[in-house]
Structure formats: C-alpha cells, structure tokens
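Going by UniProt numbering, the letters in the sequence shown line up with residues 1 to 243, in that order.
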Amino acid sequence: MPKRTTLTFTSEDGPRVDTTKLFIYHCKYSGRHAFTIDVDLRKLPRRRTDGAYVIDTNEHTIKLYTSDGGVKYIRRQNGTVEKQYRLNLGQLPIAYKSELDSPLLYIMDGTVTTYSNQNARRAGRLLVPPCISRSERSGLVEMRLELEDRSHRCTLSRVTADVVRVHVTGLMGSDAVHEELFDLFAKVLNVRLSQLDLRRAKSSRNRIMTVESLSPEQVYERLREALKKQSMERAEKRQRRHM
C-alpha cells in the first residue's frame with residue numbers, strides 16, 4: 001500500500017486565507033477527504049482537452065491528502081503525447097501536473113465532490129464509481145465505456161473507477177459496434193433502446209452512454225448483477241466440462 005503524502009501548495013505573496021471560505025472536496029468513489037481549497041472549483045477555468053479544473057497555486061491555496069500516482073502518458077486527439085504526474089487517493093487518480101515544478105494543478109473531471117459519502121457507507125448504501133455519474137448539464141446518467149474490439153461475443157468485462165469495460169465483436173470504428181452496445185445495455189439495464197444514447201469520446205476506444213429514467217445507483221446495481229450472473233454462468237460451464 002503506497003505511503004500517503006500530504007502536499008500543500010501556497011502563494012507566499014497572496015493574502016491570508018479566510019478559513020470561513022474554505023471548500024472541502026471528497027473522492028466521489030470512496031468518500032475520502034481529497035483536498036481543501038480556498039475557492040469553489042466551479043469558478044475555476046477548465047482544460048479544453050479533458051475538462052479538468054485548472055488551479056493556479058500561485059493564486060490559490062490547496063492542501064492535498066493524496067499519494068504519488070506515478071507518471072502516465074496520454075495521447076491526445078491531435079496526436080500529441082502528454083505526460084501527467086498523477087496524484088491518487090488509493091488507486092484512483094484525482095489530479096495531475098504536466099510538470100513537477102509547474103504552479104498549475106489539474107483536478108480531473110468527475111473525481112471529487114463537496115458531498116462526503118462516509119455517512120452513506122455507514123448506512124450501507126451502494127457506492128457508485130466515478131465512471132457512472134449524473135451529468136450536470138442534461139441531468140441524465142452517463143457511463144464512460146472502454147471498448148475491446150474483435151472479441152468472440154459482446155459482453156461486459158468489468159466496472160472500474162474509471163470505466164465500464166466492454167468486449168465487442170465488431171471493429172472499433174464500425175457502426176455495428178454501436179448496435180452491439182445498444183442491444184447489450186438495453187438488456188443489462190432492462191430499458192428501452194429509446195432510453196439510451198451514445199456518443200464518441202476523445203479516445204477512439206471510449207464512448208459515453210447516457211441513460212434515461214435510472215439513477216446512477218440503479219445503473220451500477222444492474223451492471224453488478226449482470227457481471228455476477230456472467231460469473232456464475234462461467235462457473236457452471238467449467239463444472240459441466242469436468243463432469
């Protein structure tokens with residue numbers, strides 16, 4: 001388990017922070033305290049590439065409760081490769097810097113909230129990973145999908161904090177893949193095709209699927225049930241082969 005590090009970025013020339021105007025953010029997935037900052041994230045600019053919030057640590061004070069997430073290389077849509085020095089809460093990355101000595105800190109879109117779900121955990125409520133969330137713009141539930149093409153059959157693979165991974169039989173860029181996804185999720189989520197919509201993401205391997213009339217908790221629970229059913233079916237097949 002990685003050693004936790006606490007990093008504090010401050011502006012030496014800035015005014016003294018008013019503690020009555022501090023904003024506390026928690027990981028959307030685990031509910032753990034992610035950081036405390038002197039500004040509402042919603043008032044900060046966003047990167048065009050990935051929607052991350054941009055924090056200039058020369059202007060704002062932030063105290064992070066994160067660990068070193070290592071270096072990640074991201075290929076952008078224009079073909080350029082970007083290096084990210086990531087900061088994690090557990091295994092989940094929530095922030096990054098493009099250069100270690102840069103004053104700019106980026107908070108990843110959809111990873112934190114001002115609501116602490118520690119009480120929800122104690123009450124036994126289902127914790128929904130950040131890859132399944134309600135859009136602030138449309139109010140609909142969105143799922144971030146990651147596709148593995150040319151598989152033997154279309155099926156769910158797993159749900160992580162970052163993505164819902166799906167195996168599809170068609171080629172990545174074909175229209176048939178979208179038809180497979182609609183059919184799969186209509187069945188798994190028990191919804192009509194008209195309740196689903198799909199759009200491409202920045203990466204060719206990713207899609208964003210929107211779902212009407214279900215909550216994030218309902219979507220996640222039905223995905224879990226489908227994965228559990230698949231696991232049981234595989235176990236039964238293995239047993240039959242050994243009979």
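A virtual CB, placed ideally from N, CA and C, is assigned to each residue, including glycine.
Note that the structure is a prediction, hence the values are computed from the model and not measured.
Inter-residue spacing [alpha-carbon to alpha-carbon] between Asp-101 and Asn-58: Between Asp-101 and Asn-58, the C-alpha separation is close to 12 angstroms.
Find the nearest neighbour of Tyr-53 within the set Ile-94, Ile-74, Val-168, judged by alpha-carbon distance. Looking at the Cα atoms, Ile-94 is the closest of the given residues.
Taking the CB atoms as reference points, tell me whether Arg-134 and Ser-215 lie closer together than 9 angstroms. Yes.
Please list, in chain order, all residues of the same chain as Tyr-73 whose beta carbon is under 8 angstroms from its beta carbon, the five residues on each side excluded. Val-81, Glu-82, Lys-83, Gln-84
Collapsed DSSP secondary structure at Lys-228 in the structure displayed: helix
With 16 other Cβ atoms within 10 Å as the buried cut-off, status of Arg-86: buried
So what does DSSP say about Asp-40, is it helix, strand or coil? coil
Span separating the alpha-carbon of Ser-174 from that of Ile-208: 16 angstroms
With a 10 Å radius around its C-beta and 16 neighbouring C-beta atoms as the bar for buried, classify Val-164 as buried or exposed. buried
Any beta strand (DSSP E) of 3 or more consecutive residues that is wholly inside the stretch 125 to 183: 132 to 134, 141 to 148, 155 to 159, 164 to 167
For Ala-201 and Thr-49, what's the separation of their Cα atoms in angstroms? Rounded to the nearest angstrom, the two C-alpha atoms are 11 angstroms apart.
Could you check if Thr-61 is buried or exposed, using at least 16 other CB atoms within 10 Å of its CB as the buried criterion? Its Cβ being crowded by 16 or more others within 10 Å, Thr-61 is buried.
Please say whether Arg-32 and Gly-69 have beta carbons closer to each other than 9 angstroms? no
At the level of alpha carbons, what is the spacing between Lys-237 and Tyr-29? 34 angstroms
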